[in-house]
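A.B. asks:
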Amino acid sequence: MPELPEVETVVRTVAPKLTGRRIVSARFSSKHVVRENFARLARRVAGRSIHGVTRHGKFIVIALDRGNLLVHLGMTGRLIVDGRTGPYTRAVFELDEGELVYNDPRQFGRIEWSEGLPDRVARLGPDALAVTEAEFVARLKARRRAQIKPLLLNQAFLRGLGNIYADEALFAAGIHPHADAARLSRPRARRLHAAMVEVLRAAIANKGSSISDYVYDEGRGGSHQQHLLAYGRTGEPCERCGAPIRRIVLGGRGTHYCPKCQRV
DNA sequence: TCAAATGTTTGATC
DNA sequence: GGATCAAACATTTG
Numbered sequence: 000m001p002e003l004p005e006v007e008t009v010v011r012t013v014a015p016k017l018t019g020r021r022i023v024s025a026r027f028s029s030k031h032v033v034r035e036n037f038a039r040l041a042r043r044v045a046g047r048s049i050h051g052v053t054r055h056g057k058f059i060v061i062a063l064d065r066g067n068l069l070v071h072l073g074m075t076g077r078l079i080v081d082g083r084t085g086p087y088t089r090a091v092f093e094l095d096e097g098e099l100v101y102n103d104p105r106q107f108g109r110i111e112w113s114e115g116l117p118d119r120v121a122r123l124g125p126d127a128l129a130v131t132e133a134e135f136v137a138r139l140k141a142r143r144r145a146q147i148k149p150l151l152l153n154q155a156f157l158r159g160l161g162n163i164y165a166d167e168a169l170f171a172a173g174i175h176p177h178a179d180a181a182r183l184s185r186p187r188a189r190r191l192h193a194a195m196v197e198v199l200r201a202a203i204a205n206k207g208s209s210i211s212d213y214v215y216d217e218g219r220g221g222s223h224q225q226h227l228l229a230y231g232r233t234g235e236p237c238e239r240c241g242a243p244i245r246r247i248v249l250g251g252r253g254t255h256y257c258p259k260c261q262r263v
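26 is the number that numbering that gives the first Met the number 0 gives to position 27 of the first sequence; each next residue is one higher, with no gaps.
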C-alpha cells in the first residue's frame, strides 16, 4: 500500500508521539519481517531513547541515541502508536509511555537496526519530493532504453514513488507509461517532474490513498483515493477527454493510463 | 472453484 | 550496469 505520501503521513503521525520516548523492550514474531536474530535486535533497541522519526524514500527511520531503527511497510504494514494487537502483529516496542505496534498480514515489510543507513538504502536515488527539476531531467536522459513507468518505480533511480503515484504522475503529464525515458523532450520531462511533485503534495495533503490496508493511525485512513484519475479506474472515462482508461501490465505491474491523452 | 489480482523489495538470470 | 521476471505472503475479486 504505502508509497511516499502514505509513509510521510505515518511519519508525521508517529513522530510527535515517539520523539523523546524511551524503548523499554521489544518483541518480534516474524522471521520475514525481522531477518536478524530476535533477541539481538531486542537487545540493540532496549533502553534506547528516540530522537526523531524521518522518512527516507519509503523507509521510516526512527533515530535512536545509538543507531537507527528502520521500518519498511512493504505492502500491508501498519505502524501505530498504541495500535491494536492481533494475529498479524509482528513486532511490539514497549515504551516508557505506551507502545509501538507493527502489524503486517503479508509480511512483506521489514524491521532492522543499522548504525547509519544500510548500504542498499543509502544507495537509493534522490527523494521524489526533493529532487530538483534539473537533476530529474538529467537522470532521465542518462537512462538508455528504459521505459518511463518501470523506471519511475525503480528506487535506485528515484526513491518514494510506487505504482499508484507513478500512474498518476504520468497521467497528469500526458506521457504514455511505456515512453522511452531518455527520449522524452525537455519540456515533457519538466512537465513530468512538476506533475509528480504536485501529485505527491496533493496526496500528502489528503493523508494518502486508502485502497485496501493503509491507515496512518488506528481507524484513520487517507482520502486521496477519491482523487485518483488513472490508477484503478480501468474502463472509466478519462476526466480530461472521456476515453476509457486502459489497463495493461508493464514490468509486471498493473498500469493505468488514458490511451488518448497519454502519448509515447 | 480457482486463477489472478493487490501498494512492496529481493535476488536470479539474461 | 541494467532490464525482466519470479518469489516472498495473505486475502480479496472476478
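Beta carbons: idealized from backbone N, C-alpha and C, even for Gly.
Per DSSP, what kind of secondary structure is D103 in: helix, strand or coil?
C.D. replies: Within the first sequence, the letter at position 104 stands for residue 103. D103: coil per DSSP, three-state reduction.
A.B. asks: Can you check whether the CB of K148 is closer than 8 Å to the CB of L249?
C.D. replies: Numbered from 1 along the first sequence, position 250 holds the residue referred to as residue 249. Numbered from 1 along the first sequence, position 149 holds the residue referred to as residue 148. Their beta carbons are under 8 Å apart, which means L249 touches K148 by this criterion.
A.B. asks: Per DSSP, which one or two residues make a beta bridge with E111?
C.D. replies: Stepping through the first sequence from its first residue, residue 111 is reached at position 112. The partner list for E111 (beta bridge, DSSP) reads L69.
A.B. asks: Does C237 pass the burial test, meaning 16 or more other C-beta atoms within 10 Å, or should it be called exposed?
C.D. replies: As a first step, residue 237 is located in the first sequence; it is residue number 238 there, counting from the start. C237 should be labelled buried.
A.B. asks: Can you give me the start and stop residues for the alpha helix (DSSP H) that R190 sits inside?
C.D. replies: In the first sequence, counting from the first residue as 1, residue 190 sits at position 191. It spans 185 to 204 - the alpha helix (DSSP H) in which R190 sits, taken as one unbroken run.
A.B. asks: In terms of residues, what are the limits of the alpha helix (DSSP H) holding A14?
C.D. replies: Translated into positions along the first sequence, residue 14 becomes position 15. Start and end: 3 to 17.
A.B. asks: Exposed or buried, which one is N36 when buried takes at least 16 other CB atoms within 10 Å?
C.D. replies: To locate residue 36, count along the first sequence from 1; it is residue 37. That one is exposed.
A.B. asks: Mind checking K57: buried by the 16 CB within 10 Å criterion, or exposed?
C.D. replies: Here residue 57 refers to the residue found at position 58 of the first sequence. K57 should be labelled buried.
A.B. asks: Leaving aside the five residues before and after L128 along the sequence, list all residues of the same chain whose C-beta is less than 6 Å from its C-beta, in chain order.
C.D. replies: The residue given as residue 128 occupies position 129 in the first sequence. Here the set comprises L199.
A.B. asks: Since D212 and T75 should fall inside the 8 Å C-beta cutoff, what is the C-beta to C-beta distance between them, to a whole number of angstroms?
C.D. replies: Your numbering for residue 212 matches position 213 in the first sequence. Your numbering for residue 75 matches position 76 in the first sequence. Their Cβ separation, rounded to whole angstroms, is 5 Å, which keeps D212 and T75 in contact under 8 Å.
A.B. asks: Could you tell me which of F27, V13, G218 sits nearest to V80, measuring between CA atoms?
C.D. replies: Locating residue 80 in the first sequence gives position 81, counting from the first residue. The shortest Cα separation from V80 among F27, V13, G218 belongs to V13.
A.B. asks: Quick one, are the C-beta atoms of H55 and V120 less than 8 Å apart?
C.D. replies: Taking the first sequence and counting its residues from 1, the one referred to as residue 55 is at position 56. Taking the first sequence and counting its residues from 1, the one referred to as residue 120 is at position 121. The answer is yes: Cβ separation under 8 Å.
A.B. asks: For H255, which residues does DSSP report across the bridge?
C.D. replies: Taking the first residue of the first sequence as 1, we reach residue 255 at position 256. For H255, which the question treats as bridged, DSSP gives the partners R246.
A.B. asks: Between which two residues does the beta strand (DSSP E) carrying E93 extend?
C.D. replies: Residue mapping note: residue 93 aligns to position 94 of the first sequence, counting from 1. Unbroken beta strand (DSSP E) run through E93: 88 to 94.
A.B. asks: Taking A25 as part of the beta strand (DSSP E), name the residues at either end of that continuous run.
C.D. replies: Stepping through the first sequence from its first residue, residue 25 is reached at position 26. Looking at the DSSP string, the run of the beta strand (DSSP E) that includes A25 is 22 to 27.
A.B. asks: Please classify S222: is it buried, with 16 or more other beta-carbons within 10 angstroms of its beta-carbon, or exposed?
C.D. replies: Position 223 of the first sequence, counted from the first residue, corresponds to residue 222. So S222 counts as exposed.
A.B. asks: Would you check if the stretch 100 to 112 and the stretch 132 to 145 touch, i.e. whether three or more CB-CB distances between them fall below 8 Å?
C.D. replies: The stretch 132 to 145 vs the stretch 100 to 112: no contact.
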